[in-house]
Amino acid sequence: MKRTALALLLLLPLSAEAGSRFDDEPDAPAATGFAAILAPANGLLPKGGSTARLFVYRDDGTPFSNGAAAGSYEPGVEVALPPGTYFAEVARTRTGLRVSKFRVELGKTSVIPTGWVGVTAVEPDEQPRLNCQPWFADLTVFERDANGVAKMAQSNSHTEHEAFGALQLPVGPTEVVFNGLPAAVTVKANAVLALPTGFALPSMGGNPQLCAGDPALDATPRINLCTDGGTQVPAGSYRVAATIDTNRPPYTLRDEREVTVETAIGGASRDLQTARLAHRELPDAILPITDADAPALATIRSVGPAPLGGTKGSIRLGGSRKP
Numbered sequence: 241m242k243r244t245a246l247a248l249l250l251l252l253p254l255s256a257e258a259g260s261r262f263d264d265e266p267d268a269p270a271a272t273g274f275a276a277i278l279a280p281a282n283g284l285l286p287k288g289g290s291t292a293r294l295f296v297y298r299d300d301g302t303p304f305s306n307g308a309a310a311g312s313y314e315p316g317v318e319v320a321l322p323p324g325t326y327f328a329e330v331a332r333t334r335t336g337l338r339v340s341k342f343r344v345e346l347g348k349t350s351v352i353p354t355g356w357v358g359v360t361a362v363e364p365d366e367q368p369r370l371n372c373q374p375w376f377a378d379l380t381v382f383e384r385d386a387n388g389v390a391k392m393a394q395s396n397s398h399t400e401h402e403a404f405g406a407l408q409l410p411v412g413p414t415e416v417v418f419n420g421l422p423a424a425v426t427v428k429a430n431a432v433l434a435l436p437t438g439f440a441l442p443s444m445g446g447n448p449q450l451c452a453g454d455p456a457l458d459a460t461p462r463i464n465l466c467t468d469g470g471t472q473v474p475a476g477s478y479r480v481a482a483t484i485d486t487n488r489p490p491y492t493l494r495d496e497r498e499v500t501v502e503t504a505i506g507g508a509s510r511d512l513q514t515a516r517l518a519h520r521e522l523p524d525a526i527l528p529i530t531d532a533d534a535p536a537l538a539t540i541r542s543v544g545p546a547p548l549g550g551t552k553g554s555i556r557l558g559g560s561r562k563p
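This is the structure:
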């Protein structure tokens, strides 16, 4: 009888502690908070969608990893972190060039906000073919360092989806590349932005090219225009350059003119339902980055790229896969 009474007394403190927890809040390891990027709800991953990964850095800029490969975590994974201040990068390949700062508190999840950019491409068998490359629903994001060197952060070319594609990206302004040409977009939290695209028609002259900038500069993004129909590109303003025959030496000249590609496909956004978290979301988890964070940011940038997941096919600025 004495042993039974003692066992009951030992159990009482545990029962009282369990009853003090919120019924809808799962147990969390002691002295632990969490961080995550949200995953689409079950079955709602956009077609041809490439999810991002979450890279976590300590407050001094050194990578944090509790066993995940290269310190990266899939959407929906709540990363256990001691309370404190951290940096996050949302990408598929680490560049160290675009990070956010966040705080972690006990038992709650700090969500790094993300959204999506999607594109609908003309089916390959319906595309024009003369003097141009085929295009696919491939989107790519490059981040540029202080010297202007571009590093690929995200791409969906590995999904091999020809007509629909999408990227999970951190919120805010960014630039995506579709069919070799860049487009400025603003990513909104838990929403899918349909990239506005239209069709650039061939101009008079030979070897017509569509340029996103000055055609005289070698670094200007450009593609060859199909000569038997419209080429699908991001909607916007461009310059077209083409070779014109003349009756005076040197008997040819390069004609340039401005054109505007109007939106014909896409341009709308829609909300995306996300999967539920196991823990309560910490409000106002994102913190401003200040001048005091400069040493940590320098450390993050020095870590170097960490390509993960691999890609089938090739990624190039032209946006098309190699045949």
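Using our numbering, the letters of the sequence shown correspond one by one to residues 241 to 563. Quick reminder that beta carbons are idealized off the backbone N, C-alpha and C, glycines included.
Roughly how many angstroms lie between the CA atoms of residue i and residue j, to the nearest whole one?
| i | j | result |
| --- | --- | --- |
| I529 | D495 | 47 Å |
| V543 | G469 | 46 Å |
| A423 | K341 | 26 Å |
| G438 | V417 | 14 Å |
| T312 | P448 | What sits at residue 312 in the sequence shown is Ser, not Thr. Looking at the two C-alpha atoms, the distance is approximately 43 Å. |
| I352 | I526 | 7 Å |
| W375 | R334 | 26 Å |
| N371 | I463 | 10 Å |
| P461 | A377 | 18 Å |
| E366 | T426 | 30 Å |
| P217 | L421 | Only positions 241 to 563 of the chain appear in the structure, and residue 217 is not among them; the question remains open. |
| T325 | N306 | 16 Å |
| T414 | G388 | 15 Å |
| F262 | H398 | For F262, the pLDDT reaches just 32, beneath the cut-off of 50, and the residue's location in the model is therefore unreliable, although a value from the coordinates is still provided. For F262 and H398, the distance between alpha carbons rounds to 43 Å. |
| N430 | D458 | 38 Å |
| K562 | A532 | Because the pLDDT at K562 is just 37, under 50, the model does not fix this residue reliably, and the point stays unresolved. |
Could you confirm whether any beta carbon from chain B is found closer than 9 Å to the beta carbon of residue i?
| i | result |
| --- | --- |
| S395 | No chain B is part of this structure, which consists of one protein chain only. |
Hey, residue i and residue j: beta-carbon distance below 9 Å or not?
| i | j | result |
| --- | --- | --- |
| G589 | G412 | Lying outside 241 to 563, the shown extent of the chain, residue 589 is not represented and no answer is given. |
| L379 | E329 | no |
| A434 | A475 | no |
| A482 | G446 | yes |
| L450 | V432 | no |
| T360 | N419 | no |
| E345 | L522 | yes |
| F274 | Y297 | no |
| L400 | T349 | With the sequence shown as reference, residue 400 is identified as Glu, and Leu is not the correct amino acid for it. Not closer than 9 Å, so no. |
| P323 | T272 | yes |
| A536 | D299 | yes |
Under 7 Å Cβ to Cβ from residue i, same chain only, skipping five residues before and after it: list those, please.
| i | result |
| --- | --- |
| K428 | G355, V411 and S509 |
| L284 | L512 and Q513 |
| L441 | G470 |
| P269 | Only weak support is given to the placement of P269: the predicted model assigns it a pLDDT of 49, under 50, and the value that follows is read from those uncertain coordinates. Result list for P269: A320, in chain order. |
To which residues of the same chain is residue i closer than 6 Å at the C-beta, ignoring the five residues directly before and after it?
| i | result |
| --- | --- |
| A515 | A279, A281 and G316 |
| V336 | In the sequence on display, residue 336 carries Gly and not Val. So the qualifying residues of the chain are I540, R541 and V543. |
| F382 | A390 and M392 |
| T500 | S477 |
| R338 | E383 |
| P436 | A475, T503, G506 and G507 |
Can you give me the Cβ contacts of residue i inside the same chain, cut-off strictly under 8 Å, excluding the 5 residues immediately before and after it?
| i | result |
| --- | --- |
| R497 | S443, R479 and V480 |
| Q408 | I277, G289, S290, T291, A292, P315, V330, T354, G355, W356 and Q394 |
| R369 | C466 and D468 |
| E265 | Here the model assigns E265 a pLDDT of 40, short of 50, so the residue's position is not dependable and the matter cannot be decided. |
| A538 | G301 |
Per DSSP, what are the beta-bridge partners of residue i in this structure?
| i | result |
| --- | --- |
| V344 | G324 |
| P410 | T354 |
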